[in-house]
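FYI, the numbering for the sequence shown is 1 to 157, going by full-length UniProt numbering.
By construction, the Cβ of each residue, glycine as well, lies at the ideal position given by its N, Cα and C atoms.
To start, the structure under review is shown below, and the notes come after it.
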Amino acid sequence: MSNTSNAQQYLREAIRLAQANMQAGGRPFGAVIVRDGEVLMTAVNEIHKTNDPTSHAELNAIRAASHKLGTPSLAGCAVYASGHPCPMCMAAMRLAGVTEVAYAYSNDDGEPFGLSTAAIYADLAKPFAEQSMKIQYLPVRLEGEADLYAEWKRRQG
Numbered sequence: 001m002s003n004t005s006n007a008q009q010y011l012r013e014a015i016r017l018a019q020a021n022m023q024a025g026g027r028p029f030g031a032v033i034v035r036d037g038e039v040l041m042t043a044v045n046e047i048h049k050t051n052d053p054t055s056h057a058e059l060n061a062i063r064a065a066s067h068k069l070g071t072p073s074l075a076g077c078a079v080y081a082s083g084h085p086c087p088m089c090m091a092a093m094r095l096a097g098v099t100e101v102a103y104a105y106s107n108d109d110g111e112p113f114g115l116s117t118a119a120i121y122a123d124l125a126k127p128f129a130e131q132s133m134k135i136q137y138l139p140v141r142l143e144g145e146a147d148l149y150a151e152w153k154r155r156q157g
């Protein structure tokens, strides 16, 4: 992250986005993606518009920034979020190569308002057999077909 002053500026922008989204009927979440001191993209939570439960501010910003840059890699980027990113958003930021994340409101701040994802983080920390969602590995393969992953690797050249 650049310096604390810049981080605070970007977090204020994320909060302003979240406020505007609330006024438009959405949830109070905004995100700003910055690389080399330049704002690449901003986005808000759009679940209220799309009915897509993955339409979080961070994911919307990642999608738009990746499209703008023409690459799935956001290496060297920082994400500034109004609220504590959920596990899905945190995983997406890692997969995209985001280097740094800062957020203004914690899960503790959001808990009294039903805006905390702390319970999901806790559930995900458990072994699969103890999580609230049934998760199982079933090694199914197509008979007479090349192995899916081996074929992908072969096509990569």
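Annotated as distal: T50 and C77, with beta-carbon spacing of 8 Å or more.
Just measuring C-alpha positions, the residue of A104, A64, G37 and L74 sitting nearest F29 is A104.
DSSP, read as helix, strand or coil, puts G26 in coil. Looking at the DSSP output, T42 bridges to V32. Annotation: the continuous beta strand (DSSP E) that includes S82 extends over C77 to G83. Counting along the chain, the unbroken alpha helix (DSSP H) around E151 starts and ends at L148 to R155. A81 is positioned such that its CB atom lies closer than 8 Å to that of A31. Excluding sequence positions up to five before and after N60, its CB lies within less than 8 Å of the CB of A31, A43, V44, N45 and E46, all in the same chain and listed in chain order.
In the three-state scheme derived from DSSP, where H, G and I count as helix and E and B as strand, E130 is classed as helix. Taking a 10 Å sphere around the C-beta of R27, we find 16 or more other C-beta atoms and assign the residue as buried.
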